[in-house]
Each structure stands twice: as C-alpha cells, then as structure tokens.
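Protein chains in written order, with the numbering used here: chain W, 1 to 95; chain U, 96 to 547. To keep things clear, I will list the structure first and then write my remarks on it.
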Amino acid sequence: MEDKKELVFITVIGEDRKGIVAAISTYLYNQNINIVDINQRIMADGFFVMSMMVDVCDAAESMDDLSFGLKKIGDGLAMSVQVQHENIFRMMHRI
Amino acid sequence: MAFEVEEIYETASMILRQNLDIRTTTLGLNLKDCIDSDFRIFRQKVYDKVCINAARLIAESSRLERKYGIPVVNKRIAVTPVSLIMETHCNPERFLEMARSLDAAARDAGVDFIGGFGALVQKGLTSSDHMLIDVLPDVLSQTERICSFLNVGSFVSGLNLDAVNLIGPMLKQTAARSENAVGCAKFVVFVNAPEDNPFMAGAFHGVGEGDAALNIGISGPGVVRSIVEQNRECDLTQLSEVIKKTVFKITRAGELIGRELAAALGVGFGIVDISLASTTARGDSVAGVIEAFGIEKIGAHGSTLAIALLMNAVKKGGAMASGNVGGLSGTFIPISEDTGMIEAVCAGALGLDKLEALTAVCSVGLDMFAVPGDTPEETLNAIIADELAIGVINNKTTGVRVIPVPGKKAGDLVEFGGLLGTAPVMHVNPFSARNFLKRGGRLPASVTSMRN
C-alpha cells in the first residue's frame, strides 16, 4: 500500500474564518481523495495557514482539475490556495 | 506531518508573494546534423528539429509547472552557433533565410526567443563569422524571436579588438532599422561566454555539448530581498549565511524541475543557472536587495561591496544545491528590466562608470542600458571593450547589451515594453578613444592564463 501513495500538499493562506476546512475537505471527499494529515497555524506575520497532506492515488480527477477546483473554492473564501506535489518540499527542505 | 507548516508556508510564500519562479527552461539543440548541401533541405531539417523539440519542451514544462505549483516563465531553444553551420552556405541571402526559418520555427512552436544566431570569434573571424555580423542588422530588425551573440574574447585567447570594432557600426544600423532600437536588445557580446547559459539573449548550444541538453535558469530576487529584510541587524557573515540558505532552497526547486524535465524529454540534464534576474514586477528587483542591505540607492558608494557579498552568497548556496551549477550563476544587474535600477539612474545615483565597476563583481556585465543615439560608433566599441577587458583579465564572463536609441538624449526615457522594460538614456563620456581602438589587433591574454 505504501508504494501506491501519491502525496500532494494543499496550502490555504489568508485571514482565518469559519468553514475553510469544511469547504476543502468536502470537496476532497467528493473527489475520492484521502486526507493523510492536516495542520493549521497563525504565522508570525498574522496570516492563517492551513496545510493539508492528501493522497491523490485514487483521485477521481487529474492534478490539474484538482488544482483548478481548489483554487475556485479559495477564491470564494478570499484565500489563496496552492496545490503542490510533495517532492518540491522534499527537495527544498530536506537534504 | 512530514513537513512543518512553517516549511510549507515558506515555499508557498516564495511563489505567491516573492515572485519565485523557474525563469527559463532552455533546451539546447545541436544543428550540425541538419547541414545539407541542398540549402532547401537544410532549412527544412532545422525548422523541423526546432519545432518538434520546442513543442515537447513547452508541453512537459507546463505539466511540471502544474505539478509543483511553481511558474515556469519562459520555455526557450538555444542552437549551435549559426555561423558554424553556415560555413558552406556563406552568402547573405542564405543567412537571412536561415534566420527566417529559425524565427518561424520558434513562432510556430510557441517559443518567445531562440538563441544561438552568433559566432565564436575570440581569436579570429572566418568568412562565415564576417557574413553573420554583416547580416545582423537585418536579422535583428526583421525577425521577432531570434537572439544573437558574439564571443569576442576569453581568458586564454585575450580580446579580439578587430571583432569588437565591427560591433559599434552593426549596432547603429540595427538601431536605425528597428523601433526604439529594440533590435539591439536581442544582441549580446561576451567574453568567456558559457556554452550552457540558459538565459537570453546570450544562450547558445555550445560546440562541446551533445545532441541536446536541458538547462534551467532559476531566479528569485524577491525571495532574497524578503530574507534580507527579515535580518536587518546581522553582520555581513551572518547576512551571507541567510542568503546562502535561501538560495540553496530555491536552487533545489530548479534542480527538481530540471531532473524531471530532462528525463521526460529523454535528454541530458545540463545545468542549473541560479541567477538573480530582475523583472519589472513590483519587488522583483536586484537593486531592491542591495537597498535592503542598507544602501540608500544602488550606485551609492558601498554598492560594489554589496553586490560582491550578494554574488558570493548566491554562488555558494547554489553550488551546494545542485550537482551541476553552471551558466552565468550569480546576479544580473540590467537597467531597463529592474525598477530599482531605473530609479537609481533617474535619481543620479547610478551612472555608467559605477555600473561598470559593479559588473566587475556581478555575473554578467553592462546589461540592457540605453545611450544617446548620436554616441559615436567608436565610443560604443570602447564601452564594450572596457567591459570585456574586465572579463578577459579576471577570468570571468562579462557581456554588453547596449541600445543606442536614435534621437534620444541623456535623461530621456525609452519604453521597450514587455519583459524588456523601460530604459533611462544614460550619459556617455564625450571624450574619444578612437585613435586607440583603430589600432585593432588582439589584447594578449593575461599572464595568469599561462598555466600549462
């Protein structure tokens, strides 16, 4: 099972408000995407940041569509949303 | 979670707020295998090779852009220096036809610039090299996407002044034939030109390269400026350390894209060029980094030290992050493409003399600056020769991209548009080096080049 995982990070940045986790996780559930881990924090510069690690190996849609769908939700919440394969974080933050 | 929220946020912020991007994915293509005695077939082979490879480059770059959420701003092609492949078709009409074929291939594949319409003339000029320079005013003014270069010197060859002396007249003709002299922005003259530089206008596929090589240019002055602003009190060693760490991270992003893209294209991964390259986007300015160091305006005394510190830290951070750092790697300080540089010139903080001094420690040279249209040809040549002498003697790449704008005087502003930005026309020393330059010949190489 471990080999099958395809991990992607969804990062939501903006001002804290109700319904962020609900909106994103409902969308992911509908696309058959499993949330592996979730973290959120208010950063030193005052921004609310939620980071979600999801497994897209069984996803009902492509990464392009996923990215587009989540960004649309982000626009509705006035938040910016980034969808990035985990490898970029592995390269930038781990030696 | 495998990563802290702070780490995820740092990467996201670099891209969303600080303009981190993969500035260019440049595919170098060998065109020597296209040479044919039948010129029509030769052109067709060149067109097909560029078109097919460029289309794949764009498709795969775009896929990785979406996978990693990082913009790949430019996708470009660099080819074998054209004077080499034209040796047996050496007449001006054919040079122009080849230029049109390359331009059409770039346009049809959706590539904004194609580099390599140039020659390596550090010791002498072949008939083909001469011909190429002769047709450059037509090529640069009649084509849209072709970029050109000349390498006129090197650490071991010295400086070919005879070749330099051909450039001033060529630039004046190019300027006269293109609106706002913008054709000149597509030409750069180098010494010690790297054969794997992914950045335009100077990219070409070197003669020591294989059939194809993918080179990556990564930028991020906004990211470096942000980290400098967060570290206002630290001393120079500490400042260098925080820049190194940040540059390490952004170079790793370039390394990742380069590895995957090269594998997807089935070509060798050449190099990552980590060069802080400004754009006119707000905050995406190398001058902004220098000013965040604590210098009121770039060009003030202290700026050379600041650029030296920045360059050194960028190179060290980059070198640890990639197996193959190459190209120019360091910091570009173009005038027209950097709002901070433009402001410094307009405010009188930065002149041509100080700019030349800065280039002794930056990675390229005098870049994207405008001078009055009535600047004499020999003075253009002298500006170029001075800059290139720095490179020849100090064993580093230097280059010049100068735009003499007809009808404009020092202090005027010239709008080039798009990526090329706006250039304040700079004051040029009115005294002449004519009698010195007309001696011609070659500046002998530095004694320190005799290492064998």
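The C-beta atom is built at its ideal place from N, Cα and C for all residues, glycine as well.
Next item on the list: Check the Cβ of G164(U) against every Cβ in chain W and list those closer than 7 Å, keeping chain order.
Entry: The residue labelled residue 164(U) in the question sits at position 69 within the second sequence. Those are Q82, V83 and Q84, listed as they occur along chain W.
Item checked: Environment of T26(W) [buried if 16+ CB atoms lie within 10 Å] -> For the purposes of this step, residue 26(W) is identified with residue 26 of the first sequence, where counting begins at 1. Exposed, since its Cβ has fewer than 16 Cβ neighbours within 10 Å.
Note to self: Which residue marks the beginning of the alpha helix (DSSP H) containing I428(U), and which one marks its end?
What the structure shows: Position 333 of the second sequence, counted from the first residue, corresponds to residue 428(U). It is not in any alpha helix (DSSP H) - I428(U) carries neither H nor E in the DSSP assignment.
Checklist line | Same chain, Cβ closer than 6 Å to V283(U), neighbours up to 5 away in sequence not counted | finding: As a first step, residue 283(U) is located in the second sequence; it is residue number 188 there, counting from the start. Cβ within range, chain order: F244, A296, G297, G494 and R496.
Note to self: Closest to I88(W) by C-alpha separation, out of N260(U), G353(U) and V277(U), would be which residue?
What the structure shows: Residue 88(W) sits at position 88 when you count from the first residue of the first sequence. Looking at the Cα atoms, G353(U) is the closest of the given residues.
Margin query: Excluding the 5 residues flanking P293(U) on each side, which residues of the same chain have their C-beta closer than 7 Å to its C-beta?
Written below: For this step, residue 293(U) is matched to residue 198 along the second sequence. The answer, listed in chain order, is T119, T121, N310, I311, G312, D368 and G422.
Next item on the list: Answer yes or no: does any C-beta atom of chain W fall closer than 8 Å to that of L356(U)?
Entry: Translated into the one-based positions of the second sequence, residue 356(U) becomes position 261. Not one beta carbon of chain W lies nearer than 8 Å to the beta carbon of L356(U).
Checklist line | Ranges of the alpha helix (DSSP H) found wholly within the stretch 444 to 509 of chain U, counting only runs of at least 4 | finding: 447 to 454 and 472 to 489
Note to self: Assuming N326(U) and V286(U) are in contact, meaning their beta carbons sit under 8 Å apart, how far apart are those beta carbons, in whole angstroms?
What the structure shows: Here residue 326(U) refers to the residue found at position 231 of the second sequence. Here residue 286(U) refers to the residue found at position 191 of the second sequence. Their Cβ separation, rounded to whole angstroms, is 36 Å, which puts N326(U) and V286(U) out of contact at 8 Å.
Next item on the list: In angstroms with no decimal places, state the Cα-to-Cα distance between P176(U) and H300(U).
Entry: Walking along the second sequence from the start, residue 176(U) turns up at place 81. Walking along the second sequence from the start, residue 300(U) turns up at place 205. The alpha-carbon atoms of P176(U) and H300(U) are separated by roughly 7 Å.
Notebook entry, point to check: Can you tell me where the alpha helix (DSSP H) with P519(U) in it begins and where it stops?
Noted result: Looking up residue 519(U) in the second sequence gives position 424. Run containing P519(U): none in the alpha helix (DSSP H); it sits in the beta strand (DSSP E), T517 to P519.
Next item on the list: Starting from the C-beta of E102(U), find all residues in its chain whose C-beta is less than 6 Å away, skip the five residues before and the five after it, and write them out in chain order.
Entry: For the purposes of this step, residue 102(U) is taken as residue 7 along the second sequence, with counting starting at 1. Counting only Cβ-Cβ distances below 6 Å, and skipping sequence neighbours, we find nothing.
Checklist line | Among D207(U), G213(U), K503(U) and A204(U), the one whose alpha carbon lies nearest that of M193(U) | finding: Numbered from 1 along the second sequence, position 98 holds the residue referred to as residue 193(U). The candidate whose alpha carbon is nearest that of M193(U) is G213(U).
Notebook entry, point to check: Does the stretch 392 to 409 of chain U come close enough to the stretch 466 to 481 of chain U to have 3 or more Cβ pairs within less than 8 Å?
Noted result: no
Next item on the list: Indicate the three-state DSSP secondary structure (helix, strand or coil) for L153(U) in the structure shown.
Entry: Within the second sequence, the letter at position 58 stands for residue 153(U). One point to set straight first is that residue 153(U) is Ile, not Leu, in the sequence displayed. Looking at I153(U) - three-state DSSP - the assignment turns out to be helix.
Note to self: Do C146(U) and F137(U) have their beta-carbon atoms positioned less than 8 Å apart in this structure?
What the structure shows: Working through the second sequence from its first residue, we reach residue 137(U) at position 42. Working through the second sequence from its first residue, we reach residue 146(U) at position 51. For F137(U) and C146(U), no; Cβs fall outside 8 Å.
Check: What residues in the stretch 42 to 54 of chain W bring their beta carbon closer than 7 Å to a beta carbon of chain U?
Finding: M43, V49, S51 and M53
Notebook entry, point to check: DSSP state of C129(U), grouped into three classes?
Noted result: Here residue 129(U) refers to the residue found at position 34 when the second sequence is read from its first residue. Note: C129(U) maps to helix in three-state DSSP.
Notebook entry, point to check: Is there contact here, the stretch 453 to 467 of chain U with the stretch 233 to 243 of chain U, by at least three beta-carbon pairs under 8 Å?
Noted result: no
Check: In or out: D133(U) buried (at least 16 other Cβ within 10 Å) or exposed?
Finding: As a first step, residue 133(U) must be located in the second sequence, where it is residue number 38. Counting Cβ neighbours within 10 Å, D133(U) comes out exposed, since fewer than 16 surround it.
Item checked: Extent of the continuous beta strand (DSSP E) to which A48(U) belongs -> Residue 48(U) lies beyond the residue range present for chain U, which begins at 96 and ends at 547; the question has no answer from this structure.
Item checked: Beta-carbon gap between L447(U) and H522(U) smaller than 8 Å -> Taking the second sequence and counting its residues from 1, the one referred to as residue 447(U) is at position 352. Taking the second sequence and counting its residues from 1, the one referred to as residue 522(U) is at position 427. Taking 8 Å as the Cβ cut-off, L447(U) and H522(U) qualify as a contacting pair.
Margin query: So that I know if they touch, is there some Cβ in chain C lying closer than 8 Å to that of A97(U)?
Written below: The structure shown contains no chain C; its protein chains are W and U.
Next item on the list: Select from the stretch 10 to 33 of chain W all residues with a C-beta closer than 9 Å to any C-beta belonging to chain U, and list them in chain order.
Entry: With the criterion set as a beta carbon lying under 9 Å from some beta carbon of chain U, the members of the stretch 10 to 33 of chain W are T11 and I13, in sequence order.
Check: Going by alpha carbons, who is nearest to D65(W) out of V49(W), L77(W), Q82(W) and M52(W)?
Finding: Here residue 65(W) refers to the residue found at position 65 when the first sequence is read from its first residue. Considering only alpha carbons, the answer is Q82(W).
Check: Any idea which residues DSSP pairs L334(U) with across the strands?
Finding: What you label residue 334(U) is simply residue 239 of the second sequence in a count that begins at 1. Beta-bridge pairing links L334(U) to no other residue.
Notebook entry, point to check: If you count every other CB in all the chains shown that lies within 10 Å of the CB of L331(U), and 16 or more means buried, which is it?
Noted result: Taking the second sequence and counting its residues from 1, one reaches residue 331(U) at position 236. That one is exposed.
Next item on the list: Figure out for me which residue from I488(U), L231(U), G210(U) and K503(U) has the closest Cα to the Cα of E188(U).
Entry: Within the second sequence, numbered from 1, the residue matching residue 188(U) stands at position 93. Nearest of I488(U), L231(U), G210(U) and K503(U) to E188(U), Cα basis: L231(U).
Next item on the list: Put H184(U) into one of helix, strand or coil per three-state DSSP.
Entry: Position 89 of the second sequence holds residue 184(U). Residue state, collapsed to three classes: helix.
Next item on the list: Check the Cβ-Cβ distances between D64(W) and every residue of chain U, and say whether any is below 8 Å.
Entry: Here residue 64(W) refers to the residue found at position 64 when the first sequence is read from its first residue. Judged by the 8 Å Cβ criterion, D64(W) is in contact with chain U.
Notebook entry, point to check: Taking Cβ-Cβ distances shorter than 8 Å, what residues in chain U pair up with I88(W)?
Noted result: On the first sequence, position 88 is the one that residue 88(W) refers to. By Cβ distance, chain U contributes T106, Y163, G164, I165, A348 and L351.
Notebook entry, point to check: What does DSSP give as the partner residues of E12(W) in its beta bridges?
Noted result: Start at 1 with the first residue of the first sequence, and residue 12(W) comes out as number 12. Per the sequence shown, the amino acid found at residue 12(W) is Val instead of Glu. According to DSSP, V12(W) bridges with M50(W) and V81(W).
Next item on the list: Starting from the beta carbon of E102(U), find every residue of chain W whose beta carbon is closer than 7 Å, and list them in chain order.
Entry: Indexing the second sequence from 1 puts residue 102(U) at position 7. Neighbours of E102(U) on chain W, chain order: F89 and H93.
Next item on the list: Quick one: using the 10 Å Cβ neighbour count with 16 as the cut-off for buried, is F208(U) buried or exposed?
Entry: Counted from its first residue, the second sequence places residue 208(U) at position 113. F208(U) should be labelled buried.
Next item on the list: Report back the beta-carbon spacing between I241(U) and K267(U) to the nearest angstrom; my notes put them in contact at under 8 Å.
Entry: If you number the second sequence from 1, residue 241(U) lands on position 146. If you number the second sequence from 1, residue 267(U) lands on position 172. That pair is no contact at about 19 Å.
Notebook entry, point to check: Quick one: is I428(U) buried, meaning 16 or more other Cβ sit within 10 Å of its Cβ, or exposed?
Noted result: Locating residue 428(U) in the second sequence gives position 333, where the first residue counts as 1. The residue is buried, with at least 16 neighbouring Cβ atoms inside 10 Å.
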